[in-house]
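Engineer: After the structure tokens below, expect a handful of questions from me.
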Amino acid sequence: MKKFIKITSVFTAGVFIAAVFSAKGRLHKKIFPLLMEYYYSHKKIQIAVLEKYKKLPFAIIAMENNTGRPVNSNAVFRLTGKKRILSFSRNKFIYSNELLTRFYSGKLVAEENNGEWIFTLTLSLQDYITGVLYSEYSADTPPEALKALAAVMLFRTAHSDNRHGRAKFCDLTHCQVFQGIPADNSIIYRPALGELSYRFIGYSKSNLPVFHSTCGGVLFSEQLWNQNGSYSHSLIKKKDCLADGKILCSASPHFFWNRTVNKSVLHGILSEALANSDFQNSGVIGITDFDSLENESGVIEIELTIKKIRMNIDRFRLIVNRKMGWHYLKSNLFTIKQSGANYHIYGNGLGHNVGLCQYGAVELARRGRNWRQILDFYYSPKLPPIHNN
44 MKKFIKITSV FTAGVFIAAV FSAKGRLHKK IFPLLMEYYY SHKKIQIAVL
94 EKYKKLPFAI IAMENNTGRP VNSNAVFRLT GKKRILSFSR NKFIYSNELL
144 TRFYSGKLVA EENNGEWIFT LTLSLQDYIT GVLYSEYSAD TPPEALKALA
194 AVMLFRTAHS DNRHGRAKFC DLTHCQVFQG IPADNSIIYR PALGELSYRF
244 IGYSKSNLPV FHSTCGGVLF SEQLWNQNGS YSHSLIKKKD CLADGKILCS
294 ASPHFFWNRT VNKSVLHGIL SEALANSDFQ NSGVIGITDF DSLENESGVI
344 EIELTIKKIR MNIDRFRLIV NRKMGWHYLK SNLFTIKQSG ANYHIYGNGL
394 GHNVGLCQYG AVELARRGRN WRQILDFYYS PKLPPIHNN
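Residue 44 is where the sequence shown starts when you use the working numbering, and the numbers rise one by one after that.
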């Protein structure tokens, strides 16, 4: 009898396995996403969190869920359960006159190293991607736009090396913004990650798909970071619009921006940045008028006391922002014009202008595009470039 039961069990298991890989894959298509969903909910990822505050002295207080009891430790916080509150500041809960509270799941390790705090959070991949969506988008974002960004995040987490010590990503725009998860889980959309399989053609470990807030109407190619001194190719990949001509991200609050900066200030910033280069004995004395659309190679000419040099627009933007603030030059789509003792800079967008435009993706979703169509629009190599007309 026992032998009969054993044979029957083996036969039943065999029929089940055969069914998964038969029936033209219909059962497989249903089961595989469920298996992947289970995997993503248990797969762990390490994130370097609270990067913005690691150089500041502050008290760290972990609160037990719903009890208000503090858990004091200067080494390791073990945060069990779905939600725990980590509140920190120079004076109990207050930092810069604002209440700063972060909700995390998983385990947080806080280590001191040469006067700096290093925080490493270990949590499930599902919670991390949900937190990125919560941090990068608002609660009223269409689900298809959230799914598109979640699919990008799945590829990035699967193919990226650790970029911050033992942590794969940080919680700032250097990687992607992660501010934890909301206290009320009901207000955030949790995508079914097991269903978000997308083939990013042409992307790999060394060329991860990226995204940004607002392109301002023009998307640049990845050549923005791979010019290697050669500026003969156009950086403009396509315009962020459909057949009606409306720019998809025009509703973004960052669509237009402008700055006025004194010439001597901007020259000083560039001279300091070039101090360790071959031109350390030559100061900056001028910047040629520049327009990102007219100069498709993305090169700014900078006049030194001895010669003119050419600088990639993304490098120029980062040099200026390190001194003036990270949102001073908001994007790589801008125009520079001289006027008396000043430079007037007019720009569109927020970010580097490469990959998925978040405000554009929202508009595509509102126009009825699904998450795959959104990713096709921004990442498919089959789409021809659309230049300025």
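We treat Cβ as the ideally placed atom computed from N, Cα and C, and that holds for glycine.
These numbers come from a predicted model, not from an experiment.
Identify every run of the alpha helix (DSSP H) within the stretch 189-224, keeping only runs that are complete inside it and at least 4 residues long; order them along the chain.
Structural biologist: Entirely contained in the stretch 189-224, not one alpha helix (DSSP H) run reaches 4 residues.
Engineer: If K190 and T200 are in contact, beta carbons under 8 Å, what's the gap, nearest whole angstrom?
Structural biologist: For the purposes of this step, residue 190 is identified with residue 147 of the sequence shown, where counting begins at 1. For the purposes of this step, residue 200 is identified with residue 157 of the sequence shown, where counting begins at 1. Wrong, their Cβ atoms sit about 16 Å apart, outside the cutoff.
Engineer: Considering only C-alpha positions, which residue in the set W268, W300, N301, S264 is nearest to D283?
Structural biologist: Against the sequence shown, residue 283 aligns to sequence position 240. Nearest option by C-alpha distance: S264.
Engineer: Please confirm if the stretch 386-393 is in contact with the stretch 294-305, defined as three or more CB-CB distances below 8 Å between the two stretches.
Structural biologist: Yes, the stretch 386-393 is in contact with the stretch 294-305.
Engineer: Count the other CB atoms, across all protein chains shown, that sit within 10 Å of the CB of T348; report buried if there are 16 or more and exposed otherwise.
Structural biologist: Counting from one through the sequence shown, the residue named residue 348 turns up at place 305. By the 10 Å Cβ count, T348 comes out exposed.
Engineer: Can you name the start and end residues of the alpha helix (DSSP H) that Q401 belongs to?
Structural biologist: The sequence position of residue 401 within the sequence shown is 358, counting from 1. Residues 401-409.
Engineer: Could you check the C-alpha separation between E179 and K289 for me, to the nearest Å?
Structural biologist: What you label residue 179 is simply residue 136 of the sequence shown in a count that begins at 1. What you label residue 289 is simply residue 246 of the sequence shown in a count that begins at 1. Distance between the alpha carbons of E179 and K289 is about 24 Å.
Engineer: Which of the three DSSP states is assigned to R145 in this structure?
Structural biologist: Looking up residue 145 in the sequence shown gives position 102. Three-state DSSP puts R145 in a strand.
Engineer: Please list the terminal residues of the continuous beta strand (DSSP E) segment that includes Q381.
Structural biologist: Residue mapping note: residue 381 aligns to position 338 of the sequence shown, counting from 1. Where Q381 is concerned, the enclosing beta strand (DSSP E) stretches over 377-382.
Engineer: For N396, does the count of other Cβ atoms within 10 angstroms reach 16, so buried, or fall short, so exposed?
Structural biologist: In the sequence shown, counting from the first residue as 1, residue 396 sits at position 353. With 16 or more Cβ atoms within 10 Å of its Cβ, N396 is classed as buried.
Engineer: How many whole angstroms separate the CB atoms of Q169 and L236, which I take to be in contact at a CB cut-off of 8 Å?
Structural biologist: Residue numbering aside, residue 169 sits at position 126 when the sequence shown is read from its first letter. Residue numbering aside, residue 236 sits at position 193 when the sequence shown is read from its first letter. The Cβ separation is near 6 Å, so the contact holds.
Engineer: For the structure I just gave you, are there three or more beta carbon pairs, one from the stretch 183-197 and one from the stretch 413-420, closer than 8 Å?
Structural biologist: Verdict: yes, contact present.
Engineer: Would the beta-carbon of L239 fall within 8 Å of that of L197?
Structural biologist: By 1-based counting over the sequence shown, the position of residue 239 is 196. By 1-based counting over the sequence shown, the position of residue 197 is 154. Cβ atoms of L239 and L197: closer than 8 Å.
Engineer: Within 10 Å of its beta-carbon, does Q219 have 16 or more other beta-carbons around it, so buried, or fewer, so exposed?
Structural biologist: Taking the first residue of the sequence shown as position 1, residue 219 is located at position 176. The residue in question, Q219, is buried, as its Cβ has 16 or more Cβ neighbours within 10 Å.
Engineer: Would you call the stretch 330-342 in contact with the stretch 240-257, where contact means no fewer than 3 C-beta pairs closer than 8 Å?
Structural biologist: As far as the Cβ criterion goes, the stretch 330-342 does not touch the stretch 240-257, which means the pair count is below three.
Engineer: According to the neighbour-count rule (16 or more other Cβ atoms, all chains shown, within 10 Å of its Cβ), is A318 buried or exposed?
Structural biologist: Within the sequence shown, the letter at position 275 stands for residue 318. Result: exposed.
Engineer: Output the distance between the C-alpha atoms of R360 and W160, rounded to the nearest integer angstrom.
Structural biologist: For the purposes of this step, residue 360 is taken as the residue at position 317 of the sequence shown. For the purposes of this step, residue 160 is taken as the residue at position 117 of the sequence shown. When rounded, the distance between both Cα atoms is 29 Å.
Engineer: Might you give, ordered along the chain, the residues of its own chain that have their beta carbon closer than 7 Å to the beta carbon of K280, omitting 5 neighbours on each side?
Structural biologist: Against the sequence shown, residue 280 aligns to sequence position 237. Around K280: L262, F263, S264, P428.
Engineer: Here's the rule: buried if 16 or more other CB atoms are within 10 angstroms of the residue's CB, otherwise exposed. What is S295?
Structural biologist: Here residue 295 is taken as the residue at index 252 of the sequence shown, counted from 1. S295 should be labelled buried.
Engineer: Which of the three DSSP states, helix, strand or coil, is assigned to Y386?
Structural biologist: For this step, residue 386 is matched to residue 343 along the sequence shown. Reduced to three states, the DSSP call for Y386 is strand.
Engineer: Since K366 is in the alpha helix (DSSP H), which residue starts that stretch and which ends it?
Structural biologist: Translated into the one-based positions of the sequence shown, residue 366 becomes position 323. First-last of the alpha helix (DSSP H) with K366: 356-367.
Engineer: Mark D183 as exposed unless 16 or more other C-beta atoms lie within 10 angstroms of its C-beta, in which case mark it buried.
Structural biologist: Position 140 of the sequence shown, counted from the first residue, corresponds to residue 183. Exposed, by the Cβ-count rule.
Engineer: Using a Cβ-Cβ cut-off of 7 Å (strictly less than) and excluding sequence neighbours within five positions of I417, which residues of its own chain qualify?
Structural biologist: Indexing the sequence shown from 1 puts residue 417 at position 374. For I417, where only same-chain residues beyond five positions count, the Cβ hits under 7 Å are E187, A188, A191, A404, L407, A408.
Engineer: When DSSP labels each residue in this structure, what does A316 get in the three-state scheme?
Structural biologist: Counting from one through the sequence shown, the residue named residue 316 turns up at place 273. Note: A316 maps to helix in three-state DSSP.
Engineer: Do you know offhand how far L336's Cα is from G260's?
Structural biologist: Looking up residue 336 in the sequence shown gives position 293. Looking up residue 260 in the sequence shown gives position 217. Roughly 11 Å between the two C-alpha positions.
Engineer: When DSSP labels each residue in this structure, what does E339 get in the three-state scheme?
Structural biologist: For the purposes of this step, residue 339 is taken as the residue at position 296 of the sequence shown. If DSSP states are grouped into helix, strand and coil, E339 belongs with coil.
Engineer: Since G394 sits in a beta bridge, which residues does DSSP pair it with?
Structural biologist: Counting from 1 along the sequence shown, the entry for residue 394 is found at position 351. According to DSSP, which records beta bridges pairwise, G394 is partnered with S374.
Engineer: I need the DSSP call for S167, collapsed to helix, strand or coil.
Structural biologist: Translated into the one-based positions of the sequence shown, residue 167 becomes position 124. S167 falls in the strand class under three-state DSSP.
Engineer: Considering only C-alpha positions, which residue in the set T163, I172, T216, R233 is nearest to G208?
Structural biologist: Counted from its first residue, the sequence shown places residue 208 at position 165. The option with the nearest alpha carbon to G208 is T163.
Engineer: Below 8 Å on the Cβ atoms is my guess for I88 versus D214; work out the distance and round it to an integer in Å.
Structural biologist: In the sequence shown, residue 88 corresponds to position 45, counting from 1. In the sequence shown, residue 214 corresponds to position 171, counting from 1. The pair is not a contact, with the Cβ atoms about 12 Å apart (cut-off 8 Å).
Engineer: Excluding the 5 residues flanking S256 on each side, which residues of the same chain have their C-beta closer than 8 Å to its C-beta?
Structural biologist: As a position in the sequence shown, residue 256 is number 213, starting the count at 1. For S256, where only same-chain residues beyond five positions count, the Cβ hits under 8 Å are S295, H297, G392, L393, G394, C400, Q401, Y402.
Engineer: If distances are taken between C-alpha atoms only, which option among C292, L285, N205 comes closest to S249?
Structural biologist: As a working mapping, residue 249 is identified with position 206 in the sequence shown. Residue N205 is the option with its Cα nearest to S249.
Engineer: If distances are taken between C-alpha atoms only, which option among N338, L309, Q266, V253 comes closest to L376?
Structural biologist: As a working mapping, residue 376 is identified with position 333 in the sequence shown. Among N338, L309, Q266, V253, the Cα nearest to that of L376 belongs to N338.
Engineer: On a CA-only basis, which of K366, M367, K95, S314 is nearest I346? Give me that one, please.
Structural biologist: Position 303 of the sequence shown, counting from 1, holds the residue named residue 346. Residue 346 is actually Glu in this sequence, not Ile. When only C-alpha atoms are compared, the closest one is S314.
Engineer: So what does DSSP say about S247, is it helix, strand or coil?
Structural biologist: Within the sequence shown, numbered from 1, the residue matching residue 247 stands at position 204. In this structure, S247 counts as strand in the three-state DSSP scheme.
Engineer: Answer with buried or exposed for V308, where buried requires no fewer than 16 other C-beta atoms within 10 angstroms of its C-beta.
Structural biologist: The residue labelled residue 308 in the question sits at position 265 within the sequence shown. It counts as exposed.
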